[in-house]
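Engineer:
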Amino acid sequence: MAVIGSIIKGLIHAKDAVTAEPDAVDAQEKVLRELLEKAKDTAFGKHYGFVEILKSENIRREFAEKIPFFDYNKINEEWWSKMHEGKENVTWPGKPPYFALSSGTTGKSSKRIPVTDDMVETIRQTGIKQVASLANYELPSDFFTKEIMMLGSSTDLNKVRDHEEGEISGISASNIPFWFRNFYKPGVEISQIEDWDERVLEIAKEAKNWDIGAMSGIPSWTELMIKKILEYHGAKTIHEIWPNLLVYTTGGVAFEPYEKAFEKLVSKPLIIIDTYLASEGFMAFQSRPETNSMKLVVDNGIYFEFVPFKPEYIEEDGSIKENAPVVKLEEVEPEKDYVLLISTVSGAWRYLIGDTIKFTDVQRREIRITGRTKFFLNVVGSQLSVNKMNDAVKELEQKFNITIPEFTVAAVKNWDEEYIHKWYLGVEAGDANEKELAAALDEALKSANKNYGVARSKALKGVEVVKVSPKVFTEWSAANKKKGGQVKMEKVMNEEKFAEWEKFVNSINNKQ
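The sequence shown begins at 6 in the numbering used here and counts up by one.
#1: Measure the alpha-carbon distance for Gly352 versus Glu336 and round it to whole angstroms.
#2: Below 8 Å, can you find three or more Cβ-Cβ pairs linking the segment 125-144 to the segment 303-318?
#3: Reducing DSSP to helix, strand and coil, say where Glu338 ends up.
#4: Checking the sheet assignment: what are the DSSP bridge partners for Ser348?
#5: Note down, one range per segment and in chain order, each beta strand (DSSP E) of at least 3 residues found wholly within the segment 158-239.
#6: Determine whether the beta carbon atoms of Ser284 and Ile173 lie at a separation below 7 Å.
#7: Have a look at Asn406 and Gly435 and give me their C-alpha separation to the nearest angstrom.
#8: So what does DSSP say about Leu270, is it helix, strand or coil?
#9: With C-beta atoms as the reference, is Thr296 less than 7 Å away from Ser272?
#10: Can you look up Glu34 in the DSSP assignment and give me helix, strand or coil?
#11: Going by the DSSP bridge assignment, what does Pro119 pair with across the sheet?
#12: If you drop the 5 nearest sequence neighbours on each side, which residues of the same chain put their C-beta closer than 6 Å to that of Trp215?
#13: Can you name the residues that DSSP bridges to His426?
#14: Let me make sure I understand the geometry here. Which of Phe75, Ile223, Asp122 has the alpha-carbon closest to that of Tyr103?
#15: Is Arg370 helix, strand or coil when you go by DSSP?
#16: If you follow the beta strand (DSSP E) that Tyr281 is in, where does it begin and where does it stop?
#17: Can you give me the C-alpha to C-alpha distance between Asp322 and Glu340, rounded to a whole angstrom?
#18: Pull up the CB-CB distance for Ala464 and Tyr424, whole angstroms please, since I reckon it's below 8 Å.
#19: If you draw a straight line from the C-alpha of Asn419 to the C-alpha of Met154, how long is it?
#20: If you reduce the DSSP assignment to three classes, tell me which class Gly54 lands in.
#21: Take Ala397 and list the residues in its own chain whose beta-carbon comes closer than 8 Å to its own, dropping the five residues that flank it on each side.
#22: So, helix, strand or coil for Leu41, using DSSP?
#23: What does Val252 pair with, by DSSP beta-bridge criteria?
#24: In whole angstroms, what is the alpha-carbon distance linking Tyr290 and Val30?
#25: How many angstroms separate the CA atom of Val252 from the CA atom of Lys92?
#26: Which class does Gly323 belong to by DSSP, given the choice of helix, strand or coil?
#27: In three-state DSSP terms, what is Gly458?
#28: Per DSSP, what kind of secondary structure is Glu501 in: helix, strand or coil?
#29: Whole angstroms are fine: how far does the CA of Lys493 sit from the CA of Asp4?
#30: Leaving out five residues on either side along the sequence, give the residues of the same chain with a beta carbon under 6 Å from the beta carbon of Ala219.
#31: What span of residues does the alpha helix (DSSP H) with Ile64 cover, start to end?
#32: Does Gly132 come out as helix, strand or coil in the three-state DSSP assignment?
#33: Rounded to whole angstroms, what is the Cα-Cα separation between Arg293 and Glu143?
#34: Cα separation between Ala519 and Arg117?
#35: Assuming Val510 contacts Val473 (C-beta within less than 8 Å), just tell me the rounded distance between them.
#36: Taking just the CA atoms, how far does Lys300 sit from Gly286?
So this is what it looks like as structure tokens:
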């Protein structure tokens, strides 16, 4: 097996050596041209004159001028809903064989996002690119003979008339190539189990029979899986079960809030590789160990545009105002937050995916996800993005020697009808009291964000912290959506949702 590992490693290094980096701007124009050419005879393409755009001397500018912004509600109401009525050639040729269900972080009702055969292929191709980038990591040859634990949603997709529905991780796993199936765990049978707790229990039962070298999944659910495995086998760290585990591929949310929690579950450091695979496509991956940023994939079926993430361009519901300026790839600046717009081989057009990103290295096209447009807390001018919140919470972990894998916050009115920020922190252990945590959190945010400091001197009258068990966040997700898969906790809530959250927390406390 070691010989096989050496051969695979050699092939990866050879591929990496001969693969030239594309010119990003040229690659993006080529992608856009191919998208327009393929979709020109669809109902969407005819409505917006793709043929005329393709004749333009500057198709990127013409495209931006002719096509409006779309969020999910707008494109679904005007276009994608027609596919559910049986119509074809709506925003992409033919009919999509899959729809990705994505409740995301915003509620119980699932979005249904088309996933075409072209998109399945681009996800596969980007996956190959990511595997090839492992040449940049110092990995032993026998690593490439180990098994891979892919903790996603169920691969038992729902058949609905002429298509199948499921989360994107389940769709991707159901399309893995035959040659990869010997490496893939938990395997087809266990992956088809719909119930999260039942699936994780089966994983725990079988864990000692597998030689896992890498695992992937959203951090919160991966942490719970590991804890179940340790509990079932009476082990202290996952390396007692999987001694050859070296790599953890994460995605969906920032890994930093979960870093301390993961340190307690391992006996040796893991190589953390970040990815950006959403229901709408595989957009970026970490390609080198010197950074935790991800390389944007500019030559594989997704065209990118960027809107400066400023309050004057964002509606209260997180959508983009019609007059918002758009920045092309060659115009972005480092360390500035942008709202991401994508056009894809699944028939999404100038689509607001809901994420905000920043470029950490413009030349390398490396990005970090900084938050969600709906997770922007600006009720009284505080202008807090999720990355600022994550940084502040990490400071609390270091200052008080505690672990805070989950949190949520809202701007609410106190007894005097004045706004405060009320935080619920999922604290695993530690003696810090809530007033100390509130004061430290307040100071950290003042230091990191000038606008927050101004708000605190005016309309924002205080900060309150409530400590709860991290398990409460998992139970909330289970009660409102479901466990596992791609479900993520909402970091910022409006007052109405926050009232539901507090009622839920109180019900949990009353049971204890």
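Glycine residues also receive a C-beta, built at the ideal position from the N, C-alpha and C atoms.
Structural biologist: Short version:
#1: Taking the first residue of the sequence shown as 1, we reach residue 352 at position 347. Taking the first residue of the sequence shown as 1, we reach residue 336 at position 331. Roughly 25 Å between the two C-alpha positions.
#2: yes
#3: Here residue 338 is taken as the residue at index 333 of the sequence shown, counted from 1. Secondary structure at Glu338: coil, using DSSP grouped into helix, strand and coil.
#4: Within the sequence shown, the letter at position 343 stands for residue 348. According to DSSP, Ser348 bridges with Tyr308.
#5: With a minimum length of 3 residues, the continuous beta strand (DSSP E) runs that stay inside the segment 158-239 are 163-165, 168-171, 217-221.
#6: The sequence position of residue 284 within the sequence shown is 279, counting from 1. The sequence position of residue 173 within the sequence shown is 168, counting from 1. At the C-beta level, Ser284 and Ile173 come within 7 Å of one another.
#7: Start at 1 with the first residue of the sequence shown, and residue 406 comes out as number 401. Start at 1 with the first residue of the sequence shown, and residue 435 comes out as number 430. Answer to the nearest angstrom: the Cα atoms are 7 Å apart.
#8: Translated into positions along the sequence shown, residue 270 becomes position 265. In the displayed model, Leu270 falls within coil according to three-state DSSP, outside both helix and strand.
#9: Along the sequence shown, read from residue 1 onward, the residue named residue 296 stands at position 291. Along the sequence shown, read from residue 1 onward, the residue named residue 272 stands at position 267. Taking C-beta atoms as the reference points, Thr296 and Ser272 fail to come closer than 7 Å.
#10: Sequence index remark: in the sequence shown, residue 34 carries index 29 (1-based). It is helical.
#11: Counted from its first residue, the sequence shown places residue 119 at position 114. DSSP output for Pro119 lists Phe104 as bridge partner(s).
#12: The residue you call residue 215 lines up with position 210 of the sequence shown. Result list for Trp215: Glu152, Lys190, in chain order.
#13: Position 421 of the sequence shown holds residue 426. Note: His426 sits in a beta bridge opposite Ala416, Val468.
#14: Here residue 103 refers to the residue found at position 98 when the sequence shown is read from its first residue. Checked all of Phe75, Ile223, Asp122; the closest Cα to Tyr103 is Asp122.
#15: Your numbering for residue 370 matches position 365 in the sequence shown. The answer is coil: DSSP assigns Arg370 none of H, G, I, E or B.
#16: If you number the sequence shown from 1, residue 281 lands on position 276. First-last of the beta strand (DSSP E) with Tyr281: 276-283.
#17: Here residue 322 corresponds to residue number 317 of the sequence shown, with the count starting at 1. Here residue 340 corresponds to residue number 335 of the sequence shown, with the count starting at 1. Each residue's Cα considered, the two are about 25 Å apart.
#18: Translated into positions along the sequence shown, residue 464 becomes position 459. Translated into positions along the sequence shown, residue 424 becomes position 419. Yes, they are in contact, since the Cβ atoms of Ala464 and Tyr424 sit about 6 Å apart, within 8 Å.
#19: Indexing the sequence shown from 1 puts residue 419 at position 414. Indexing the sequence shown from 1 puts residue 154 at position 149. Counting only the Cα atoms, Met154 lies some 47 Å from Asn419.
#20: What you label residue 54 is simply residue 49 of the sequence shown in a count that begins at 1. Looking at Gly54 - three-state DSSP - the assignment turns out to be coil, as it is neither helix nor strand.
#21: The residue given as residue 397 occupies position 392 in the sequence shown. Within the same chain, Ala397 has close Cβ partners Leu446, Ala449, Leu450, Ala453.
#22: Numbered from its first residue, the sequence shown carries residue 41 at position 36. Leu41 falls in the helix class under three-state DSSP.
#23: For the purposes of this step, residue 252 is taken as residue 247 along the sequence shown, with counting starting at 1. Its beta-bridge partners are Ala219, Ile276.
#24: Position 285 of the sequence shown, counted from the start, is the residue given in the question as residue 290. Position 25 of the sequence shown, counted from the start, is the residue given in the question as residue 30. Note on residue identity: the sequence assigns Phe, not Tyr, to residue 290. Approximately 19 Å, taken between the alpha carbons.
#25: As a first step, residue 252 is located in the sequence shown; it is residue number 247 there, counting from the start. As a first step, residue 92 is located in the sequence shown; it is residue number 87 there, counting from the start. So the alpha carbons of these two residues sit roughly 44 Å apart.
#26: Residue numbering aside, residue 323 sits at position 318 when the sequence shown is read from its first letter. The answer is coil: DSSP assigns Gly323 none of H, G, I, E or B.
#27: The residue given as residue 458 occupies position 453 in the sequence shown. Correct three-state label for Gly458: helix.
#28: Position 496 of the sequence shown, counted from the first residue, corresponds to residue 501. Secondary structure at Glu501: helix, using DSSP grouped into helix, strand and coil.
#29: No answer is possible for residue 4: the residues shown for the chain start at 6 and end at 517.
#30: To locate residue 219, count along the sequence shown from 1; it is residue 214. Ile153, Val252, listed in sequence order.
#31: The count along the sequence shown starts at 1 and reaches residue 64 at position 59. Run containing Ile64: 64-71, per the alpha helix (DSSP H) assignment.
#32: Locating residue 132 in the sequence shown gives position 127, counting from the first residue. Of the three classes helix, strand and coil, the one that applies to Gly132 here is helix, per DSSP.
#33: As a first step, residue 293 is located in the sequence shown; it is residue number 288 there, counting from the start. As a first step, residue 143 is located in the sequence shown; it is residue number 138 there, counting from the start. The alpha-carbon atoms of Arg293 and Glu143 are separated by roughly 10 Å.
#34: Beyond the ends of the chain as shown, which are 6 and 517, falls residue 519; an answer cannot be given.
#35: As a first step, residue 510 must be located in the sequence shown, where it is residue number 505. As a first step, residue 473 must be located in the sequence shown, where it is residue number 468. Sure, about 6 Å apart at Cβ, within 8 Å.
#36: By one-based count along the sequence shown, residue 286 stands at place 281. By one-based count along the sequence shown, residue 300 stands at place 295. In a straight line, the C-alpha of Gly286 is about 14 Å away from that of Lys300.
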